[in-house]
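Participant:
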Amino acid sequence: EESVGRQVEVLLAEVCPQAESPEDCVEQLPAFWGRIAMVLWPGYFNPDAEWMCATEDVCGAPGTRGMTCDECLGGIQGAIEQLLSEEFVSGIVEALSGEGFCGMEEDPELCARVIADLIPAALPALAAGLEENQTGEICNMAVPDTCPAH
46 EESVGRQVEV
56 LLAEVCPQAE
66 SPEDCVEQLP
76 AFWGRIAMVL
86 WPGYFNPDAE
96 WMCATEDVCG
106 APGTRGMTCD
116 ECLGGIQGAI
126 EQLLSEEFVS
136 GIVEALSGEG
146 FCGMEEDPEL
156 CARVIADLIP
166 AALPALAAGL
176 EENQTGEICN
186 MAVPDTCPAH
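If you want it as structure tokens, here you go:
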């Protein structure tokens, strides 16, 4: 929840001023992003997903070796670059616009339009707002003491 709160702060500062209606964005984005984040992040950072570590050519065979801090930080950077690629941004927009997310919202069509504008603006803003010490913390959450200086 703290992480989602930080994400909302970045989006309010970086995305809402560019929005068609900044006031509506500031009012509605925090709750909306909270719902998006609960679907987006676990879906993207799923260790069993093909684009993460589910294939041996990406991470090597499971349990074959430890991971250094540099390898972990590099992996996070690679995941962020992939997340920002046109292919993944389009896929995320498409997935969130469908039945599994927008289909459950009060106004699915409005939700889909907001997602189509929000995701391409939000993901780069969040990536730019991610500080290096946070990536070390992420590595330590995944594998304790991977990056001892963090």
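Positions 46 to 195 (the numbering used here) are the ones given, in order, by the sequence shown.
No residue lacks a Cβ here, since even glycine has one placed at the ideal position from N, Cα and C.
Treat the numbers as computed from the prediction; the structure is a model and nothing was measured.
Any idea if THR113 is buried or exposed, counting beta-carbon neighbours within 10 angstroms, 16 or more meaning buried?
Facilitator: Exposed: under 16 other Cβ atoms inside 10 Å.
Participant: Relative to the C-alpha of PHE77, which residue among SER66, PRO87, PRO189 and VAL159 is closest?
Facilitator: Of SER66, PRO87, PRO189 and VAL159, the residue nearest in Cα terms is VAL159.
Participant: Going by alpha carbons, who is nearest to VAL53 out of LEU175, CYS192 and ASN185?
Facilitator: Comparing Cα positions, the closest option is LEU175.
Participant: Is it right to say VAL60 is buried, meaning 16 or more other beta carbons lie within 10 angstroms of its own, or is it exposed?
Facilitator: Buried, by the Cβ-count rule.
Participant: Report back the beta-carbon spacing between GLY79 and VAL49 to the nearest angstrom; my notes put them in contact at under 8 Å.
Facilitator: So it is a contact: roughly 6 Å between Cβ atoms.
Participant: Between the Cα of GLY120 and the Cα atoms of ALA58, GLY181 and GLY88, which residue gives the shortest distance?
Facilitator: Nearest C-alpha to GLY120: GLY181.
Participant: Assign LEU155 to buried or exposed, taking buried as 16 or more other Cβ atoms, counted over all protein chains shown, within 10 Å of its Cβ.
Facilitator: Classification for LEU155: exposed.
Participant: If I measure Cβ to Cβ from ALA172 and keep anything under 8 Å in the same chain, skipping five residues before and after, which residues do I get?
Facilitator: Answer for ALA172: ILE125, LEU128 and LEU129, listed in chain order.
Participant: Near ALA157, which residues of its chain fall below 7 Å by C-beta distance, leaving aside the five closest residues on each side in sequence?
Facilitator: These residues qualify, in order along the chain: SER142 and CYS147.
Participant: Give me the Cα-Cα distance between VAL84 and PRO193, rounded to the nearest whole angstrom.
Facilitator: In a straight line, the C-alpha of VAL84 is about 30 Å away from that of PRO193.
Participant: Assuming contact is defined by CB atoms lying nearer than 7 Å, are VAL138 and ALA161 in contact in what I supplied?
Facilitator: Against a cut-off of 7 Å, the Cβ pair of ALA161 and VAL138 comes out as a contact.
Participant: Quick check on this structure: which residue in PRO189, GLU47 and CYS184 has the alpha carbon closest to the alpha carbon of GLU116?
Facilitator: Taking only the C-alpha atoms, the option nearest GLU116 is CYS184.
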